[in-house]
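Numbering (this note's numbering), first residue to last: 839 to 1241.
Here a beta-carbon is modelled for each residue, glycine too, at the ideal position from N, C-alpha and C.
No experiment lies behind these values; they were computed from the predicted model shown.
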Ligand SMILES: Cc1cc2nc3c(=O)[nH]c(=O)nc-3n(C[C@H](O)[C@H](O)[C@H](O)COP(=O)(O)O)c2cc1C
Ligand code: SF4
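The following block contains the structure:
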């Protein structure tokens, strides 16, 4: 498998492995945490949880065994930026994990690697071996007495839900990858019942940049609530697909211009679980406070059939739902059935409204993020492309707006 194209220089290109860790070892763990907090860094896996808050809660846990887990499952449709980071900047990821270990006082790290990325394993093992030889992993890291930490790689199970952090931990423990009830959260009851932080590949890489370049540098980009730069995996109907680095807060229109996607009908921001932003809202910003994303951007050109787009995403969720809880197990197939009825012209406006309200119930009542976000694309398409849907089915003409 070849790596996707990286468009332009990334900040990671200019970061020298070792410098961030040296800076982290030269100060108390609490000061490192303060710097991460000052940067405003939020998790790059999608949910945008403040990294320093997660780390400080794990640091406070009074236990000898703690774990640092890197979520390299990258299962969100349209996301491939972690693949690029692991291929080209593995050292930054391992270094970020080592800095996290210093902050929370962990002795073991695990990379949960997407099953389809098994071809990267040899490359990652060799980067780990080099770090051990250089004294950057293992006993007395950087000559620091008592700082022992090592990292192992665990292959994923090929299921989308295993990227959800509690399902990931279940899978690491050798169980079926099904989400756990929360609370308790992994920061106090995680891997093997011990405090565990789970962070995205990209989050760890940015930690190293923050240690090297400073919190102020990081914060000087992006918005007040979504600081820094982010990597985006861009695919679909544009002339320059690939992996890009943009500041958080970029508008959909600006992004489309950068990637040669002008004239698009809609942009799916955040993969199958994200929102579909119509061209009429291209001034929306890609940021946690507006349209969030773990990095997946899928562009739909003027000829795309939006109902078909919704069907495609729902089929994905029907396949990937673990079936543990009723709102998701029963709700996703119901939404798919509704879309198929709409496609056949056999669904009224009243039923479309009911489907949207079912989506709301799923958001509120599903056990994990999969079921909570599965209706997102359908609901945004049903709301913003109603004319296209009505034009196709003829319900607007035949039955009036309330069908
Ligand atoms: C169904 C589902 C799949 C997920 N897949 C991933 C994934 O592949 N990679 C990832 O980093 N986070 C994924 N997440 C989010 C994780 O649960 C978790 O929030 C994240 O790893 C935390 O890291 P961060 O704070 O650095 O973003 C997924 C969540 C859900 C609900
Ligand atoms: S929401 Fe879906 S994937 Fe998550 S636990 Fe329930 S059935 Fe499983």
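| Check | Outcome |
| --- | --- |
| Assigned secondary structure, residue 1202 (DSSP; H/G/I helix, E/B strand, else coil) | helix |
| Pocket of ligand 2 (residues with CB nearer than 6 angstroms to any heavy atom), chain order | 999, 1017, 1159, 1160, 1161, 1162, 1163, 1166, 1167, 1204, 1205, 1206, 1208 and 1209 |
| Residues near residue 861 in its chain [Cβ-Cβ closer than 6 angstroms; skip 5 each side] | 1049 |
| Cβ neighbour criterion (16 or more within 10 Å) applied to residue 1202 | exposed |
| Member of 1102, 1070 and 1172 whose CA lies at the smallest distance from the CA of residue 1077 | 1102 |
| Sequence-distant residues of the same chain with beta carbon closer than 6 angstroms to residue 1155, five excluded per side | 1170 and 1212 |
| Residue 1239 classed as buried or exposed, judged by whether at least 16 other C-beta atoms fall within 10 angstroms | Reliability of the predicted coordinates at residue 1239 is poor, the pLDDT of 38 falling under 50, and the value obtained from them is presented with this limitation in mind. With fewer than 16 Cβ atoms within 10 Å of its Cβ, residue 1239 is classed as exposed. |
| In DSSP terms, what residue 976 is bridged to | 987 |
| Cβ-based neighbour list, residue 945, same chain, cut-off 6 angstroms, excluding 5 preceding and 5 following | 986 and 987 |
| 7 angstroms Cβ cutoff met for residue 916 and residue 1109 | yes |
| When 880, 978 and 893 are compared against residue 871, the one with the closest alpha-carbon | 893 |
| Through-space distance from residue 882 to residue 1120, alpha-carbon basis | 22 angstroms |
| For residue 1096, the nearest candidate out of 886, 1080, 1042 and 1104 (CA to CA) | 1080 |
| Pick from 858, 924, 962 and 1224 that is closest to residue 1180, judged by C-alpha positions | 1224 |
| Distance CB(residue 1015)-CB(residue 911) smaller than 7 angstroms | no |
| Contact between the region 902–911 and the region 1030–1050 (3+ Cβ pairs under 8 angstroms) | yes |
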